[in-house]
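According to the working numbering, the sequence shown holds residues 100 to 949 in order.
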Amino acid sequence: MNAAHPTPTLETLVVVGNGMVGHHFVEQAIAQGALDRYRILVYGEETRRAYDRVHLSEYLAGRDAESMAMSDAAFYDRPGLHLRLGVRVQEIDRRNREIVTDEGRQSYDKLVLATGSFPFVPPVAGAEGTAGLVYRTLDDLDLIRAASVGARRGVVVGGGLLGLEAANSLKTLGLDVHVVEFAPRLMPVQLDDFGGAALKARIEALGAHVHLSRSTQAIKEGLRYRYAMRFAEGEPLETDLVVFSAGIRPRDGLARAGGLAVGERGGVVIDDRCRTSDEAIYAIGECAIWNGTVFGLVAPGYQMARTAASDLCGAAPQAFTGADMSTKLKLLGVDVGSIGDAHARTPGAVSYRYIDEAGASYRRLVVSADGKRVLGAVLVGDNSYYDTLLQYAQNGIAPPADPASLILPSGAGAPALGPDALPATATICSCHNVSKGAVCAAIDEGCTDLSAIKSCTKASTGCGGCAALLKQVFEHELSRRGVAVDKSLCEHFAYTRQELYGIVRVEGVETFEELLARHGRGRVGCDICKPVVASILASCWNRPIQDPSLVPLQDTNDTFMANMQKNGTYSVVPRIPGGEITPDGLLAIGAIAKEYQLYTKITGGQRIDLFGAQLHDLPDIWSALIAAGFETGHAYGKATRTVKSCVGSTWCRYGVQDSVKMALDIENRYKGLRAPHKLKFAVSGCTRECAEAQSKDVGVIATEKGWNLYVCGNGGMRPRHAELFATDLDDATLIRYIDRFLMFYIRTADKLQRTSVWRDALEGGLDYLKAVIIEDSLGLAAELEAQMQLVVDRYECEWANALKDPEKLKRFRTFVNDRRPDPDIRFVQERGQPRPAPPEGTHPIVEEIA
Numbered sequence: 100m101n102a103a104h105p106t107p108t109l110e111t112l113v114v115v116g117n118g119m120v121g122h123h124f125v126e127q128a129i130a131q132g133a134l135d136r137y138r139i140l141v142y143g144e145e146t147r148r149a150y151d152r153v154h155l156s157e158y159l160a161g162r163d164a165e166s167m168a169m170s171d172a173a174f175y176d177r178p179g180l181h182l183r184l185g186v187r188v189q190e191i192d193r194r195n196r197e198i199v200t201d202e203g204r205q206s207y208d209k210l211v212l213a214t215g216s217f218p219f220v221p222p223v224a225g226a227e228g229t230a231g232l233v234y235r236t237l238d239d240l241d242l243i244r245a246a247s248v249g250a251r252r253g254v255v256v257g258g259g260l261l262g263l264e265a266a267n268s269l270k271t272l273g274l275d276v277h278v279v280e281f282a283p284r285l286m287p288v289q290l291d292d293f294g295g296a297a298l299k300a301r302i303e304a305l306g307a308h309v310h311l312s313r314s315t316q317a318i319k320e321g322l323r324y325r326y327a328m329r330f331a332e333g334e335p336l337e338t339d340l341v342v343f344s345a346g347i348r349p350r351d352g353l354a355r356a357g358g359l360a361v362g363e364r365g366g367v368v369i370d371d372r373c374r375t376s377d378e379a380i381y382a383i384g385e386c387a388i389w390n391g392t393v394f395g396l397v398a399p400g401y402q403m404a405r406t407a408a409s410d411l412c413g414a415a416p417q418a419f420t421g422a423d424m425s426t427k428l429k430l431l432g433v434d435v436g437s438i439g440d441a442h443a444r445t446p447g448a449v450s451y452r453y454i455d456e457a458g459a460s461y462r463r464l465v466v467s468a469d470g471k472r473v474l475g476a477v478l479v480g481d482n483s484y485y486d487t488l489l490q491y492a493q494n495g496i497a498p499p500a501d502p503a504s505l506i507l508p509s510g511a512g513a514p515a516l517g518p519d520a521l522p523a524t525a526t527i528c529s530c531h532n533v534s535k536g537a538v539c540a541a542i543d544e545g546c547t548d549l550s551a552i553k554s555c556t557k558a559s560t561g562c563g564g565c566a567a568l569l570k571q572v573f574e575h576e577l578s579r580r581g582v583a584v585d586k587s588l589c590e591h592f593a594y595t596r597q598e599l600y601g602i603v604r605v606e607g608v609e610t611f612e613e614l615l616a617r618h619g620r621g622r623v624g625c626d627i628c629k630p631v632v633a634s635i636l637a638s639c640w641n642r643p644i645q646d647p648s649l650v651p652l653q654d655t656n657d658t659f660m661a662n663m664q665k666n667g668t669y670s671v672v673p674r675i676p677g678g679e680i681t682p683d684g685l686l687a688i689g690a691i692a693k694e695y696q697l698y699t700k701i702t703g704g705q706r707i708d709l710f711g712a713q714l715h716d717l718p719d720i721w722s723a724l725i726a727a728g729f730e731t732g733h734a735y736g737k738a739t740r741t742v743k744s745c746v747g748s749t750w751c752r753y754g755v756q757d758s759v760k761m762a763l764d765i766e767n768r769y770k771g772l773r774a775p776h777k778l779k780f781a782v783s784g785c786t787r788e789c790a791e792a793q794s795k796d797v798g799v800i801a802t803e804k805g806w807n808l809y810v811c812g813n814g815g816m817r818p819r820h821a822e823l824f825a826t827d828l829d830d831a832t833l834i835r836y837i838d839r840f841l842m843f844y845i846r847t848a849d850k851l852q853r854t855s856v857w858r859d860a861l862e863g864g865l866d867y868l869k870a871v872i873i874e875d876s877l878g879l880a881a882e883l884e885a886q887m888q889l890v891v892d893r894y895e896c897e898w899a900n901a902l903k904d905p906e907k908l909k910r911f912r913t914f915v916n917d918r919r920p921d922p923d924i925r926f927v928q929e930r931g932q933p934r935p936a937p938p939e940g941t942h943p944i945v946e947e948i949a
């Protein structure tokens, strides 16, 4: 060590709280060189690293906790940074500049409070245990999941933003959901009376129940359900569990006990630099109050984190001067947007309203008295207007001469505000405060693809609501710089999937070789274009995929018409339309499974999967299944998978229509349809929704007058509720609308794009889709129906077709020169069924049973 230049002594920076805002502060501080001057200690009361609380509902839908982490564990594994999880900070000793924790005392030079908030639970008698849960952390969600086991009904107390998120989670768990709100409308902070009414109508149409102007007084033991909720007015409501989401309160207990200034209604008072009344202590996020306001969204918390990090690192000052509380949400599958002065509180403000009572859509635009500035907006039912209106409001862009044109339905109003009209200061990503200028600078520095822009600027890595706008700005700026925005499918086709579909349909192309020769480059294609073209050809012409010209285009599963499993065997999935099966059919499946030693499982889609089939056995297995009356279930293809159904009016005392017959009609009509992605349907015989139709690409729910049609939902990692598309349809009209919808999706979707993602990217949103499908605004209805009928008429079970052709059957051999089975595949017995044997050198989970 050089005595003339001793290593500087590092100060100690303590961060209390490892939520999203606390973690963002650490990221920003490190980026600004904090580890050169501080030793950073981070204390988190939870046992998990900071995770994404914005998408909590995805956890109950099946997403694992680790994937929700804001960083990997390696982020905190660096010299000078220490993360202490599961440690509670009990006290701040300001005189000695120490904190007291479960582990003892720790000194600090600077202290940052990022303790967040806690759920407010009204003083309700009986609100404890599983009767009174809260919706805040992953641990809370684990408690909710446990309480839902065996439950039929769940109630959420609170109809605000978090309350509706909680309601969505309960619905995901399969409960009959009720929302109880003290105010006379839902989301009273963000929406006005008309917006609240539209949201209520949409949510109720999705099967949830809303109770307004209800004050919960007590929770007692119920008669038909576990509990009975008593209100100050109205009839009691019975339920199996209650989730309180009636607002949040700042977690300011540490600050209050330590003598720091707090607001009259809570919150640690901070200045423009996020300093508290003690200059050594900062507060950020929901625990802080600035200028009398507590900010309950993540974007303002991130702004505070950046401000505090800059101040502590001696960087250029970034004063916190408040935050935009605009929000774009999807609650229970319903689009909701609130921008700026949504309640027109500005003196002289003028409002324009568009109200669609039939479709439960509502838009309100608030402009200044002179009509030269957009002040705010409210959107319910269609957020496709949100990005444009937000930019008008944030950047002072003058609205058109008729401001109302900004919220009129597509085709009747002014064109959307293009990226070129946005100033450099326009905020693209409010979570990370990324401006259009920052995006442009990143492009100038060499970022020429969207993933690089996201990595460089952090834009669209928060809530993700700005993804569409970011893409528009990025592509526009590339074009403006003379850089061609390449939308080619791959090196062989300089077209998008949609353009190739149009070429195939218009020119009547039926082979890959013909399409490549006319419109492509090269001679063989690749792993991108081959399956895409295979899907397009199947959607247009529905020829057997085992035809010699089509086989080279298929992926592994389609090639062998079965799903390959991890041990090299295949699954066999016969179609069981609508879930209806005869006793003889069940016996046949059982006999086949027993003969070929297949593992059997009933899936969530009302089908029976048979696992462990070897390649050479597939033709024999399918011969037996087809002889028993079964067809291929297309489990291996991007095609119609299942039509789930309840038992309907035939058996159920609540059923109002024959859901099984309708499910059979739908599945038998669309069973040969291939699409950009897999398709799932469901039909429920009443609004109790036992078939879960509102989580499917196409959902049908019976009413007393006919059928309600829902579209563009899906389950999986990122679940999305389907949207109500049309009501009280007769059988023929329902099928007609589904024909048009599916063919329009197939025609216009991108490769491997689910209907939900396609819908979110569809310019004009649901209103535009209704205009095309219901009103025939593009004059395509007859053409779409005819295209669907061609697919229906050409349907043939793919396995039945292959079994008739000896040449096609030659493909189904494990070894070309040996008909014996694969000796490397072994099975053991587990729970009475065959399972893959563990790898060599490991021990079976259970002993083999003879």
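The C-beta atom is built at its ideal place from N, Cα and C for all residues, glycine as well.
Is residue i buried or exposed, if buried means 16 or more other CB atoms sit within 10 Å of its CB?
i	result
G132	exposed
D481	buried
A792	buried
E939	Confidence at E939 is low in this model, with a pLDDT of 49, below 50, so the placement of that residue is unreliable and no value is reported for it.
S483	buried
S648	exposed
Y753	exposed
G931	exposed
F293	buried
I552	buried
R1006	No statement about residue 1006 is possible, as the shown extent of the chain runs from 100 to 949 and does not include it.
G510	Residue placement at G510 cannot be trusted, given a pLDDT of 42 that sits under 50; what the coordinates show is reported in the next sentence. It counts as exposed.
A476	buried
Q645	buried
E947	Residue confidence is low: E947 scores 31 on pLDDT, short of 50, so the model does not pin down where it sits. No coordinate-derived value is stated.
S344	buried
R148	buried
My guess is that residue i and residue j are in contact by the Cβ rule of under 8 Å, so how many angstroms apart are they, rounded?
i	j	result
N367	A382	Per the sequence presented here, residue 367 reads as Val, with Asn not at that position. V367 to A382, Cβ: 4 Å. Contact.
N662	A734	6 Å
L868	M842	With a Cβ gap of about 13 Å, L868 and M842 do not count as contacting.
S744	G677	5 Å
L182	V141	5 Å
N807	T832	Wrong, their Cβ atoms sit about 12 Å apart, outside the cutoff.
A821	G805	In fact, because the Cβ distance is near 17 Å, the residues do not count as touching under 8 Å.
Once the 5 residues before and after residue i are set aside, which same chain residues still bring their CB inside 8 Å of it?
i	result
D238	E145
E590	R620, G621, C625
V309	G258, H277, V278, E280, L285, K299, I302, E303
Can you check DSSP and say which residues form a bridge with residue i?
i	result
D708	K700
F217	R348
A304	Looking at the DSSP assignment, A304 forms no beta bridge with any residue, so it has no partner.
M169	Per DSSP, none; premise fails for M169.
E197	D192, S206
V368	I388
Y753	In DSSP, Y753 forms no bridge with anything.
Can you list, in chain order, the residues of its chain whose CB lies under 7 Å from that of residue i, leaving out five sequence neighbours each side?
i	result
A537	T556
E679	V759, L763
A513	With a pLDDT of only 43 at A513, under the threshold of 50, the placement of this residue in the model should not be trusted; the figure read from the coordinates follows. Correct list, in chain order: P499, S504, L505.
Could you name the residues of the same chain whose beta carbon sits closer than 6 Å to that of residue i, not counting the 5 residues immediately before and after it, in chain order?
i	result
R138	L109, T111, G179
T595	K586
D486	L568
A523	K535, G536
H123	Y401, A404
* Can at least three beta-carbon pairs, one atom from the segment 250–261 and one from the segment 416–424, be found at a separation below 8 Å? -> no
* When the Cβ atoms of the segment 707–727 are set against those of the segment 774–790, are three or more pairs found closer than 8 Å? -> no
* Pair every Cβ in the segment 194–214 with every Cβ in the segment 153–170, then say whether three or more of these pairs are closer than 8 Å. => Counting Cβ pairs under 8 Å, fewer than three are found: no touch.
* For the segment 884–892 against the segment 855–865, are there 3 or more C-beta pairs whose distance is under 8 Å? -> No, they do not touch.
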